[in-house]
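Keeping their order, the protein sequence lines are chains A and B.
Those letters in the first sequence? Residues 1 to 287, per UniProt numbering, in order.
Those letters in the second sequence? Residues 1 to 259, per UniProt numbering, in order.
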Amino acid sequence: MDREPPNAVTEPDSTATATAESVDEASATGSACIRARGVGKRYTTRSGEVEALTDVDLTIQDQEFFCLLGPSGCGKSTFLRILSGLVSEYTGEIEISAARADGGSVTNMVFQEHGIFPWKTVLDNVAFGLKMDGVGKQQRYERARAYLEKVDLAEFADAYPHQLSGGMKQRVAIARAFTNDPEILLMDEPFGVLDAQTKRNLQTELLSLWSETKKTVVYVTHDIEEAITLGDRLAVMTARPGGVKAVLDIDLPRPRTRGAIPTDEFTTLRERVWELLSDEVQQSVER
Amino acid sequence: MSQSHRRQHTVGRRLGYHLAPILAVLLCWEVLARLAVLNPTFFPPPSVVAGVTARLLVEGPLLYHTWVSLRRILLAFVVGATSGVAVGLWMGWSRPVRLLVNPYVSLFYPIPKIALVPIMFTLLGVTETVRVLAMSIAIFLLVAVNTMGGVQQIDDAYIDAALDNGAGTLALYRDVLIPGSLSEVFAGLSLGLGVGFNLIVVIEMLAAESGLGYLIWRSWRLFTLQRMYAALVMISLLGIVFIYGVDALGDRLTFWEAE
């Protein structure tokens, strides 16, 4: 199966064509990594056609932490699956300008649940992507162990997922994504089913891994505070069919460890996002 | 250390719970037959059956007939299980294959396989191949249907995760579809063996000159009932070893589903 992301552009000349607008909204390096133009998606279900996404325009910068926030069922996961290449039929255009010299995968997903295999050890789960890329056993285990160390799971390398807590399983999933070393990490509510305390710890761990590696992250969530805590920018999506309602800069200082986020600014942002989101949530509830 | 000790302890205990009721029945039987409340001609006491079984195994034809039945079962199991798993995996994963093959499987699945045996004898002759083939078809159907179901119930996220990590077709089968459907595969093997055992005994009764089914039938006709019971003990032992053995192996291989 063809698993290349859609229209991967390998030349750096896409920077040259980046519009003035997208330079304005630049955060990290100022070059566009993902550009979506008029992206739409329809599903055919038993009860007829469902329009999941309509006319999504987004530019995501290189090395940016970008959050996609929206009511449940708004198609934000669908957008992520289109970026990953798991959904190959859609309308509109997507350009991904991330080159991989070694031919590895450009994107890698972290799923909400069931993303790691219960029949494989923690180590084999983390090394799975490298195995698929044909990396030898010794080398892939070495790299996997290094990331297991970083997420504090080194001693669980030979354990199986059913022996781990929910938070530990998601750390395995994150370790695998970073071990694969993709240009872009796609995260689909990875902490959605965790309790508040665990979620908080994992957010901190994720941010520290991200600042170490400077990957581009597209992070889907329905949790406003999570989006503000993590993101450089966030896009608020409309209720189904999902489109982009607004894109906001989150000008909060980093590192955003617990207690280091200015409370007033955080509250102001949260109120603003909540206002944008509340109509959409209302609509999706009424449906 | 202490944990494994405790485990052994519980295993021993569980075995005791399973065996106690059986031993109680055997003991009642023994006593009633000895007191001639049960007619010992029709119901020889278990101790006598055990003695006869041992004697016939050593010097009589019992070992030969057990071996013949065992060989048929093993052959049918290997043929039925491998083809069933292969076809079931393929049907589970590929929608076109499922649409193409499922009508045939669905047609034969509910038919009592024993009813098809005369047709097979007519077409292919009363041969060893047909006896084994009939049993392997029964195993094939149950394994294929269960394996297909097992593949279809695999959580989509596992498949997405494999594809997203760059799995090709071979890796998808090896790392996701086979382990993900393994417990249903083993459920199918166990069910298939149950049906297969029925089938081989009936076939041996009707159309064979050897095997434990043949021995049971002929002993009844000749009214050598002790011999009949001895054959019954052997086929029961084979059934217990195979069916529970497959169950136990399945549980062991799908250890992550126990919790």
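Heads up, the beta-carbon is just placed ideally off N, CA and C, and yes, glycines get one too.
Every value quoted in this text rests on a predicted model; they were computed, and no experiment measured them.
*Tell me, please, whether the stretch 220-238 of chain B touches the stretch 167-178 of chain B by the rule of three or more beta-carbon pairs shorter than 8 Å.*
Under the 8 Å Cβ criterion, the stretch 220-238 of chain B does not count as touching the stretch 167-178 of chain B, having fewer than three qualifying pairs.
*Min CB distance N201/A to chain B below 8 Å*: With its beta carbon at least 8 Å from every one in chain B, N201/A lies outside the interface.
_Here's the rule I'm using: 16 or more other beta-carbon atoms within 10 Å means buried, otherwise exposed. How should S69/B be labelled?_
Taking all protein chains shown into account, S69/B has 16 or more neighbouring C-beta atoms within 10 Å of its C-beta and is therefore buried.
*Could you give the C-beta distance for N108/A and F117/A, rounded to a whole number, given that I count them as a contact under 8 Å?*
With a contact defined as Cβ atoms closer than 8 Å, N108/A and F117/A miss out at about 15 Å.
_Chain-ordered chain B contacts of M132/A [CB-CB under 7 Å]_ = Against M132/A, the close residues of chain B are N165, G166, A167 and A171, in the order they occur along the chain (beta-carbon pairs closer than 7 Å).
*asked:* Considering Cα atoms alone, identify which of Q152/B, M228/B, L191/B and L189/B is closest to Y173/B.
replied: Nearest to Y173/B by alpha-carbon distance, out of Q152/B, M228/B, L191/B and L189/B, is Q152/B.
_Just to confirm my understanding: we take A26/A, look at its own chain, exclude 5 residues before and 5 after, and list those with CB closer than 6 Å. What are they?_
Interpretation of A26/A is limited by its pLDDT of 39, a score under 50 that renders its predicted location unreliable; no figure is taken from the coordinates.
*asked:* Does the stretch 101-108 of chain B come into contact with the stretch 207-222 of chain B, if we say contact requires no fewer than three beta-carbon pairs (one atom in each stretch) closer than 8 Å?
replied: Contact between the stretch 101-108 of chain B and the stretch 207-222 of chain B is absent, with fewer than three C-beta pairs closer than 8 Å.
*Closest Cβ-Cβ distance between P96/B and chain A: below 8 Å?*
Not one beta carbon of chain A lies nearer than 8 Å to the beta carbon of P96/B.
*How big is the Cα-Cα spacing for T257/A and T204/A?*
Their Cα atoms are separated by approximately 7 Å.
*Using the C-alpha atoms, what's the distance from I235/B back to L63/B?*
L63/B and I235/B: Cα-Cα distance of roughly 11 Å.
*Inter-residue spacing [alpha-carbon to alpha-carbon] between E95/A and T54/A*: Answer to the nearest angstrom: the Cα atoms are 17 Å apart.
*Can you name the residues of chain C whose CB is closer than 8 Å to the CB of G129/A?*
The question asks about chain C, but that chain is absent: this structure's protein chains are A and B.
*asked:* I want to verify the contact list: residues of chain B whose CB lies under 7 Å from the CB of H222/A, in sequence order.
replied: Those do not exist, as H222/A stays about 18 Å from chain B at its closest Cβ, beyond 7 Å.
*Confirm, please, whether the CB-CB distance from V143/B to G80/B is below 8 Å.*
Yes, they are a contact pair.
*Locate the beta strand (DSSP E) running through D188/A, then write down its first and last residues.*
Start and end: I184 to D188.
*Using a Cβ-Cβ cut-off of 8 Å, state whether A161/B counts as contacting chain A.*
Taking Cβ atoms only, chain A reaches closer than 8 Å to A161/B, which makes this a yes.
*State the CB to CB distance for the pair G92/A and G40/A, rounded to an integer number of angstroms; the pair is presumed to be in contact (CB under 8 Å).*
Rounded, the Cβ-Cβ distance is 6 Å, consistent with contact.
*Report yes or no: is there a C-beta of chain A within less than 8 Å of the C-beta of Y158/B?*
Interface residue, yes.
*Report the three-state DSSP secondary structure of C67/A (helix, strand or coil).*
Looking at C67/A - three-state DSSP - the assignment turns out to be strand.
*Would you report the Cα separation of G130/B and R42/A, rounded to the nearest angstrom?*
Checking the displayed sequence, the identity of residue 130/B turns out to be Val instead of Gly. For the pair V130/B and R42/A, the Cα-to-Cα distance works out to about 53 Å.
*With L238/B and I73/B assumed to form a contact (beta carbons below 8 Å), what rounded beta-carbon distance in angstroms separates them?*
In this structure L238/B touches I73/B by the C-beta definition: roughly 7 Å separates them, less than 8 Å.
*Bridge partners - V39/A, DSSP secondary structure assignment*: DSSP output for V39/A lists V56/A as bridge partner(s).
_Residues near T179/A in its chain [Cβ-Cβ closer than 6 Å; skip 5 each side]_ = Hits under 6 Å: V126, R143, A144 and Y147.
*asked:* I'd like the ranges of any alpha helix (DSSP H) spanning at least 4 consecutive residues and lying wholly in the stretch 150-223 of chain B.
replied: Here the runs fully enclosed are 156-164, 169-172, 178-207 and 212-221.
_For T121/A and W29/B, what's the separation of their Cα atoms in angstroms?_
So the two alpha carbons sit approximately 51 Å from each other.
*Just the Cα atoms here: how many angstroms apart are E113/A and T78/A?*
A straight line joining the alpha-carbon of E113/A with that of T78/A spans about 16 Å.
*Under 9 Å between beta-carbons, which chain B residues line up against G115/A? List them in chain order, please.*
Per Cβ cutoff of 9 Å: A157, Y158, D160, A161 and D164.
*Please confirm if the stretch 64-79 of chain A is in contact with the stretch 216-223 of chain A, defined as three or more CB-CB distances below 8 Å between the two stretches.*
With the rule of 3 Cβ pairs closer than 8 Å, the stretch 64-79 of chain A counts as touching the stretch 216-223 of chain A.
*Using a Cβ-Cβ cut-off of less than 8 Å, list which residues of the stretch 165-184 of chain A approach chain B; keep chain order.*
Taking 8 Å as the Cβ-Cβ cut-off against chain B, the residues of the stretch 165-184 of chain A that qualify are R176 and N180.
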